[in-house]
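Trainee: Mind looking over this structure? Questions follow.
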Amino acid sequence: MKKKIRNTGIIAALLLITSGAFAQHIQTQYFLNVPQSSQLNPAYRPNGNVYIGLPVLSNTFFGMSNNILNVNNLFQPVPGTDSVMTVLHPDYDRDSFFRNIGNRAFVSTEVSTQLIGVGFSVADDWWVDLGVTARGMMRANIPVDLFTLALEGNEGFIGSSADLSGMGFTAQAYLETHIGLSKNITNKLRVGGRLKLMQGAVSASLEANELELSVNDDYSHTLRSEVELKLGGPFDVTLDEDGFIDDIIPRESPAFNEVGPSFQNFGMGIDVGATYDLMHNIRLTASIIDLGYMKWGRESFTFKATNDFTFDGFDISEMISGDKEFDQIAEEFGDSLLNTFDFVDSEDGYTTALPTKLYIGGTYKPVNFLSLGVLSRTSVGMGVRESLTLSATLMAGDVLSTSLSYTMTNRSFNNFGFGVSLRGGPVQFFTVVDQIPASWVEFTGDNGADSFTLPQRFDYMNLRFGLNLLFGKAKKKIQDTPMLVE
Amino acid sequence: MKSKTLFIALLFLLILSSCVTESYDMDKVSGEVALNPGFVISAVKGEVTLSDVVEPNDTIVFDNQLLKFVISEDSIIDFGVSDFYTGFPAASFEETTQVAGISVSGIRDTIDIDPGDDIKIKDMSILTGDASYTFTSWCSFDVQLDLTAPSIDAGGAPFTESITIPAGSTVNGTLNFDGALAGFDSDPAQPYNRLPLEYDITVTNPPGTYNPSDSVKVVLEMNEPEFDYARGYFGYHSESFEKDTLDLEMEDFFSRLSGSVFLTSPSITVNYLNSFGIPIRLTANVKGMNDTEEITLERDPVDIDYPATTGNREVSSSFTIDKNNSSLPELISMLPYEIEYAGSADINPDGESMDNIVFGDSRFLADIDVEVPMEFRIANLQLSDTTDNFLRNDDPEAANPLEDLEELKFDLYMENGFPLGATVMIELYDSTSMAVLETIETGDLFTPAPVDADGRVTDPSIGNAEIEFTPAFLDATQEADKIIFTFTLNTSENGTKDVKIYSDYSILFKAAVKLKAGIELNFNSEE
């Protein structure tokens, strides 16, 4: 058993650590003058002629987002005391707990690191970049109705439904290879695109496409469900006689060709973007990132169970007539409930979509060294999420670029981010963080002997840093209109 | 350049302004937990037809779908002729006749039998029977004795027997009457119990002289025959059954009932086979008693059917005690604790009005069927029962799950196809303080279905009921040691109309549970 858990942990770690991002990027990065900004808009052209990303060092990202693990969401001080109370405490403001969750709670983590990255300009207008990035992500969703059911029961759903659709998790790890091109189309318009080829490593997802529990007025319950399990990796799945999954056993000590990136798990995607200089100091930008798919074909397994079932009580007619015991009735009910599921299993492989993002933004330079920006980000993948970032970026020539951002996301409205890039000669260091922990909470225990400090808000944390080699300087177009003297 | 520097400085200032704003001492995390989830669920349902739950057997039957309870007992009365008629003792005849000539003829006499008090046998068909004789001669010569029984028909002619008695000898023998029909009524002076007898004595070799001592003694002894039938009059007899009381042992149960129940059509049927050709009249004096009243059965005496001719040896018949000829419904419906009964059987109750016939194998065999058709009316019939409080946990250390409930409610939906409705009252009783702590009255759990003029249900009664266990009631479950359940039953139209229970009646029900938990825990508590 321990071994099984360990192996499961190894694969989970692979899913998390191996490679790149699932859903998030740092919006602050969008406004910072670093080559990695092109990840958010391929039309972006770095301020250099050649860029070389140092292996592993050039671009590492860790992101975490959730709407439930906030310290303030988990603990509240007991008014008038120095005690701390949990969400289960009678005085806890559970309404705020539910407000923070919204329709569903989620936890999303992602890790990526660029293994190779180069970029260079061609004929001034063109910018070409190539790269190989390992990406991994995991995201889990828990509908708020599940919390409501657990904490408040099903009474509040009489005459309505508890919508548990979307509940589940998905995780992927893959290797992404890209080539990107961008070019000025006109003096004001620059467009770019990026083609991505993916080699999947492992993936797993368990998602309730539909999971709805209706509590009818007569207290009967109707369950409508469509649950899909997808596995792509070294898992051995056994089914019982009813066609239901009996066990999922991660293979012991899988070989690299069982868990490493492979074109058997082939994926392809594109990024497209554009910038448009509306005025000499106003630029509009738009991009679509990760529009594509992954086809998981190596040791893939799909299991789908659908059901539409109403429970209106155990039928005890035969118990009254003395023909059966209640235990027998309950057992038969369980069997019949299982029989109401339609099970479909397949080893034909499956396709997952890349988590597509849409960025729309604009920058305004009131003065030459200051850029004010706004960026809307819409992500699709296990639900649609929207965030809006406002930024102020200060540019001290090519040497220093700093950006301060404010992001509204995850039903939180006090996320301040910060980014800085510092260039000395060809070396450019940058780091970007989307949320500056403005306040921290110190946890003490064991009568003060132990203590640790956590950001008060733990719901949104993205960090990217790297070291680039950047050579040359991009030529700036002179957009001034010649002055004519009669 | 100064402004740039200022901006960057402000930016860093903002970052550095991050500080510890709160401190949580995890040693002081409150372990208090309070949850009040409310749950609803359909718990059970079912549709039960009476024929599904009642398996017909010897006691429970469906007679044209009507439910009946039938109690049958075989051979409650079984007696034969030996129990009724003991026969008659041997009858004897003794006569000495002097022989003074060659022939002594025309000697006539009778043999009287004594079958018992007031029994007058007129004739008897003998299966096997005989008479022992002893003829003693004191004559010095041989004589022949010719014996005739003129009323005994032996194969179409009177019975005769000739026996030679040697001189000075005694002859013993037996007269066989097998298959003969003996008439005991040929003497007009006593046309019963008397058998005429004739004999002649003839001297086969006459002597010269006859001495006074020449005589013959005839001794006959009639043995009790096995007869096919005996006809006559077997007398008036009255056999009384002593008064006795049957304790139904239902006082404890019936005393907890109030209101009224009336069983409309109970009946007791006695089926019998009778081969005694004798009029018998049975009289039963039955009385039901409880604390408040006595009701007598008021059944007229019953004359038992019997065979009137020898050609009809057995009669199969029955008699019934029911609502048409007695107060049986009232007697049963009074819910008697005891039944007092007495009675008598009169044989030839009208005297000697006709001949009786008793066969040699006469027998009276009776079975009894008690039928209680489920045809009744009930008005506010209350049944109370007290049980130990099963909701209370006997172990005071153990957690009481009811403590965590703030609300417990059962919702019932019923489609009642029975003409019977019920309400329930649940009382928590503390026998120490002798007080009812809390009471729940359910109202109508289900109402009786309407019936037609014949008592048959026309449509189900559809309704909802709610049983709510209040917090006070749930709390009191830990104090009370008894629970008193009181059921109140009514049939259709408030028990004013007779209803019948048929096998196709059904009841459809759904029960849902609604509960609200009040879970309060404190993990900081050492308890």
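Line order of the protein sequences matches chains U and V. In case it helps, our numbering puts the first sequence at residues 1 to 486. In case it helps, our numbering puts the second sequence at residues 487 to 1013. Glycine included, each C-beta is placed from N, C-alpha and C at the ideal position. Being a predicted model, the structure only gives us computed values, none of them experimental.
#1: Note down, in chain order, each residue of its chain lying with its Cβ closer than 6 Å to the Cβ of PRO711/V, except the 5 sequence neighbours on either side.
#2: Counting C-beta neighbours from all protein chains within 10 Å, is the total for PHE471/U 16 or more, i.e. buried, or is it exposed?
#3: State yes or no: is the beta carbon of THR86/U nearer than 8 Å to at least one beta carbon in chain V?
#4: Starting from PHE292/U, trace the beta strand (DSSP E) both ways and give me its first and last residue.
#5: Please list the partners that TYR991/V has in chain U, where partner means a Cβ-to-Cβ separation under 8 Å.
#6: Helix, strand or coil: which one does DSSP assign to LYS188/U?
#7: From GLY334/U to PHE61/U, what does the alpha carbon distance come to, in whole angstroms?
#8: Which residue's Cα is closest to the Cα of ASN760/V: ASP847/V, GLN964/V and PRO542/V?
#9: I'd like to know whether the C-beta of PRO90/U is nearer than 8 Å to at least one C-beta of chain V.
#10: Consider the Cβ of ASP315/U: report whether some Cβ of chain V lies at a distance smaller than 8 Å.
#11: By a C-beta neighbour count over all protein chains shown, 10 Å radius and 16 as the cutoff for buried, is PHE22/U buried or exposed?
#12: Given a limit of 7 Å on CB to CB distance, which residues of the stretch 517-544 of chain V reach chain U?
#13: Terminal residues of the continuous alpha helix (DSSP H) containing TYR30/U?
#14: Less than 6 Å between C-beta atoms, sequence neighbours within five positions excluded: which residues of the same chain meet that for ASP129/U?
#15: Can you pull out the residues from the stretch 152-168 of chain U whose beta carbon lies closer than 8 Å to at least one beta carbon of chain V?
#16: Can you check which of these residues, SER509/V, ASP511/V, TYR510/V and VAL515/V, is closest to ASN1008/V by C-alpha distance?
#17: By Cβ distance below 8 Å, which residues in the same chain neighbour GLN24/U in space, the five residues on each side in sequence not counted?
#18: Return the chain-ordered list of same chain residues with a C-beta closer than 6 Å to the C-beta of GLU318/U, the five sequence neighbours on each side being excluded.
#19: Given this structure, state the Cα-to-Cα distance separating THR363/U from GLY373/U, to the nearest angstrom.
#20: Quick one: which chain V residues come within Cβ less than 8 Å of ASP312/U?
#21: Which residues in the same chain have their Cβ closer than 6 Å to the Cβ of LEU223/U, if we skip the five residues on either side of it in sequence?
#22: Return the CA-CA distance between ASN976/V and ILE970/V, expressed in angstroms with no decimal places.
#23: Should ILE474/V and MET736/V be called a contact, given that it needs their Cβ atoms to be closer than 8 Å?
#24: What is the rounded straight-line gap between the Cα of THR545/V and the Cα of GLY949/V?
#25: Excluding sequence positions up to five away, which residues of its chain have a Cβ less than 6 Å from the Cβ of GLY981/V?
#26: Where ASN73/U and LEU454/U are concerned, what is the direct C-alpha to C-alpha distance, given to the nearest angstrom?
#27: Counting only the same chain and skipping the five closest in sequence on each side, list residues whose C-beta sits under 8 Å from that of GLY654/V.
#28: Hey, which unbroken runs of the beta strand (DSSP E) at 3 residues or more fall wholly within the stretch 681-756 of chain V?
#29: With burial defined as no fewer than 16 other Cβ atoms inside 10 Å of the residue's Cβ, what is the status of LEU149/U: buried or exposed?
#30: Below 8 Å on the Cβ atoms is my guess for GLY524/V versus GLU331/U; work out the distance and round it to an integer in Å.
#31: Within the continuous beta strand (DSSP E) that includes LEU783/V, where are the two ends?
#32: Do you know whose CA, among ALA828/V, THR974/V and ILE854/V, lies nearest LEU869/V's CA?
#33: For TYR571/V, list the residues DSSP reports as bridge partners.
#34: Since GLN630/V and THR650/V are thought to touch, with beta carbons under 8 Å apart, how far apart are those beta carbons, to the nearest angstrom?
#35: Please say whether PHE740/V and ASN776/V have beta carbons closer to each other than 8 Å?
#36: Return no unless some Cβ of chain U is closer than 8 Å to the Cβ of ASP897/V.
Mentor: Answer, in terms of the structure:
#1: ILE612 and GLY615
#2: exposed
#3: yes
#4: This sequence places Gly at residue 292/U; Phe is not what is there. First-last of the beta strand (DSSP E) with GLY292/U: 282-296.
#5: The contacting residues do not exist; TYR991/V stays about 14 Å from chain U at best.
#6: coil
#7: 47 Å
#8: ASP847/V
#9: yes
#10: yes
#11: With a pLDDT of 39 at PHE22/U, under the threshold of 50, the modelled position of this residue cannot be trusted; read the value that follows with caution. Counting Cβ neighbours within 10 Å, PHE22/U comes out buried, since at least 16 surround it.
#12: GLU518, VAL519, ALA520, LEU521, PRO523, GLY524, PHE525, VAL526, ILE527, SER528, ALA529, VAL530, LYS531, GLY532, GLU533, VAL534, ASP538 and VAL539
#13: 27-31
#14: GLY119 and GLY180
#15: GLU152, GLY153, ASN154, GLU155, GLY156 and ILE158
#16: VAL515/V
#17: Residue placement at GLN24/U is flagged as unreliable, the pLDDT there being 48, under the threshold of 50; a coordinate-derived value is accordingly withheld.
#18: LYS324
#19: 4 Å
#20: SER528, LYS531 and LYS996
#21: LEU213 and PHE309
#22: 20 Å
#23: Outside the shown range of chain V, which is 487 to 1013, sits residue 474/V, and nothing can be said about it.
#24: 33 Å
#25: ARG863, ILE864 and ALA865
#26: 13 Å
#27: SER623, TRP624, CYS625 and SER626
#28: 701-708, 712-719, 723-733 and 743-749
#29: buried
#30: That belief does not hold up - the Cβ atoms of GLY524/V and GLU331/U are roughly 29 Å apart, past 8 Å.
#31: Premise fails: LEU783/V is in no beta strand (DSSP E) and is neither H nor E.
#32: THR974/V
#33: Its beta-bridge partners do not exist; DSSP assigns none.
#34: 5 Å
#35: yes
#36: yes
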